[in-house]
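The structure appears below as structure tokens.
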Amino acid sequence: MADKNEGYCSTSVPHIIRLLMLQCFKFIYAAGFLLSQAYYCFKFTLLQTYFCCKFILRKVCFCFMSILLQAYYCFKFILASILFCFKIILLQIYYCFLLIFASSLACFKIIFASSLACFKFTLLQVYFCFKFILLQFYIYFKLILIEKLSISDRKIKI
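In the working numbering, the protein residues as written are 2 to 159.
So this is what it looks like as structure tokens:
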């Protein structure tokens, strides 16, 4: 004779093993999903860091090329004007060095500001990736707890 509660919540060993296997598969699937999300978050962050560094290096190269070009033309101009009086040459040297110093200072300010902005953005990206992963772990374990409580409620009703 069949038990009237048999289909509701069975406590037989095969049924418990099936439930445990189902929980294991759910956990493995969720862990795989979370690991893939963490992988893509870190991959995106590394890619973003690569492009930020590439952008900063381009700015550094552009600034140094600009400084070298300015220095080249200043010295070329100085050498071309040696035929004129000594005071004009000294004045030109002074203003050329001032121009080189001012442009290099401005370039280094731009490089520092852009690298700081890229670094802040990368840190924010990493922070939000970790926060998102932790939130998913929290929701997953909350669902497991709710499922465990509902199973224990069914056992009490039997």
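All C-beta atoms in this analysis are idealised placements derived from N, C-alpha and C, irrespective of residue type, glycine included.
So for F102, helix, strand or coil by DSSP? Translated into the one-based positions of the sequence shown, residue 102 becomes position 101. If DSSP states are grouped into helix, strand and coil, F102 belongs with the helices.
Taking the alpha-carbon positions, what's the A118 to Q24 distance? Within the sequence shown, residue 118 is the residue found at index 117, counting from 1. Within the sequence shown, residue 24 is the residue found at index 23, counting from 1. Approximately 45 Å between the Cα atoms of the pair.
To the nearest angstrom, report how far apart K110 and F122 are at their CA atoms. If you number the sequence shown from 1, residue 110 lands on position 109. If you number the sequence shown from 1, residue 122 lands on position 121. If I take the Cα positions, the gap works out to 18 Å.
Could you tell me the alpha carbon to alpha carbon distance between G33 and I17, rounded to whole angstroms? Indexing the sequence shown from 1 puts residue 33 at position 32. Indexing the sequence shown from 1 puts residue 17 at position 16. G33 and I17: Cα-Cα distance of roughly 24 Å.
S67, enclosing alpha helix (DSSP H) - first and last residue: For the purposes of this step, residue 67 is identified with residue 66 of the sequence shown, where counting begins at 1. In the DSSP assignment, S67 falls within the alpha helix (DSSP H) that extends over V14 to A81.
Excluding the 5 residues preceding and the 5 following M2 in the sequence, name in chain order all residues of the same chain whose CB lies nearer than 8 Å to its CB. Taking the first residue of the sequence shown as 1, we reach residue 2 at position 1. Because the pLDDT of M2 is 43, which lies under 50, any placement of that residue in the model is unreliable, and the number read from its coordinates should be weighed accordingly. If we look at M2 and ignore the five residues flanking it on each side, it has no Cβ neighbours.
Could you check what DSSP says for M2 in three-state terms: helix, strand or coil? Along the sequence shown, read from residue 1 onward, the residue named residue 2 stands at position 1. In this prediction, M2 has a pLDDT of 43, which is less than 50 and means its spatial position is unreliable; what the coordinates show is noted afterwards. M2: coil per DSSP, three-state reduction.
Is it true that the segment 127-143 meets the segment 33-47, where meeting means three or more beta-carbon pairs spaced less than 8 Å apart? Remark: three or more beta-carbon pairs, one from each stretch, lie closer than 8 Å, so the segment 127-143 and the segment 33-47 are flagged as touching.
Assuming C64 contacts C108 under a Cβ cut-off of 8 Å, what Cβ separation, rounded to an integer in Å, is found between them? Mapped onto the sequence shown, residue 64 falls at position 63. Mapped onto the sequence shown, residue 108 falls at position 107. In this structure C64 is in contact with C108, their Cβ atoms being roughly 3 Å apart against a cut-off of 8 Å.
Give the DSSP-derived three-state secondary structure of F120 in the structure shown. One-based indexing of the sequence shown puts residue 120 at position 119. Reduced to three states, the DSSP call for F120 is helix.
Just checking K77 against the ligand FAD - is the residue's beta carbon closer than 8 Å to any of the ligand's heavy atoms? Ligands in the displayed structure: none, and consequently the ligand FAD is not present.
Using C-beta distances below 7 Å, list every residue in its chain close to L20, excluding the 5 sequence neighbours before and after it, in chain order. Stepping through the sequence shown from its first residue, residue 20 is reached at position 19. Within the same chain, L20 has no close Cβ partners at all.
Can you tell me the Cα-Cα spacing of F142 and K55, whole angstroms? Against the sequence shown, residue 142 aligns to sequence position 141. Against the sequence shown, residue 55 aligns to sequence position 54. The alpha-carbon atoms of F142 and K55 are separated by roughly 41 Å.
Taking the alpha-carbon positions, what's the L150 to L144 distance? Here the question's residue 150 lines up with position 149 in the sequence shown. Here the question's residue 144 lines up with position 143 in the sequence shown. Rounded to whole angstroms, L150 to L144 spans 10 Å at the Cα level.
Tell me the DSSP secondary structure of F142 in three-state form. In the sequence shown, residue 142 corresponds to position 141, counting from 1. In the three-state reduction of the DSSP assignment, F142 falls in the helix class.
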